[in-house]
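First comes the structure, then the notes that go with it.
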Amino acid sequence: MRLLRSEVIYFALPEVFDNADPTNDRGGLTGDRLRIGYNPTARGFYHGGDLKGLRRRLPYIHSLGATAIRVGPVFKNKPVQGAPGHERAGYHGYRVT
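For the sequence shown, the numbering used here gives the first residue as 1, with consecutive numbering after it.
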């Protein structure tokens, strides 16, 4: 048994980490980036990562010396919020609906 203080924890946001399944990028929504939050070329918008991508990169995370992973929330989020011209997507998992 290891003590918690001896763990090396890697924090990952699956939504922006690795996109292993492009079929789920739009989360079942339709429309442009201001409706669905998906735009892999824009900072502050969803880039298409998923849990499948996180799983396939476990060897990489392990190679960094990580012994545990903290995963950002994986819940349904409000896709976009912000005043016109200042919109941002809820890619990080903390805008839970």
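All C-beta atoms in this analysis are idealised placements derived from N, C-alpha and C, irrespective of residue type, glycine included.
Are the Cβ atoms of residue i and residue j separated by less than 8 angstroms?
i	j	result
LEU54	PHE17	yes
ILE9	ARG70	yes
LYS52	ASP32	no
Excluding sequence positions up to five away, which residues of its chain have a Cβ less than 6 angstroms from the Cβ of residue i?
i	result
GLY49	PRO14, GLU15, VAL16, PHE17, ASP18, ASN19
TYR60	none
GLY44	ARG88
Measure the beta-carbon distance from residue i to residue j and round it to whole angstroms, keeping in mind my assumption that it falls under 8 angstroms.
i	j	result
VAL96	PRO79	Between PRO79 and VAL96 the Cβ distance is about 12 angstroms, and since that is not below 8 angstroms, they are no contact.
ASP68	GLU7	The sequence shown places Ala at residue 68, not Asp. Yes, they are in contact, since the Cβ atoms of ALA68 and GLU7 sit about 5 angstroms apart, within 8 angstroms.
Among residues of its own chain, excluding the 5 on either side of residue i, which ones have a beta-carbon nearer than 8 angstroms to its beta-carbon?
i	result
PHE75	GLY93, VAL96, THR97
ARG2	THR67
GLN81	GLU87, ARG88, GLY90, ARG95
Ordered along the chain, which non-local residues of its own chain (more than five positions away) have a Cβ less than 7 angstroms from that of residue i?
i	result
GLY28	none
GLY65	VAL8
ASN24	ASP50
ASN77	GLY90, GLY93, ARG95, VAL96, THR97
Exercise. Determine, using beta-carbon pairs with one atom in the region 81–96 and one in the region 32–42, whether at least three such pairs fall under 8 angstroms.
Key: Cβ pair count under 8 angstroms is three or more, so yes.
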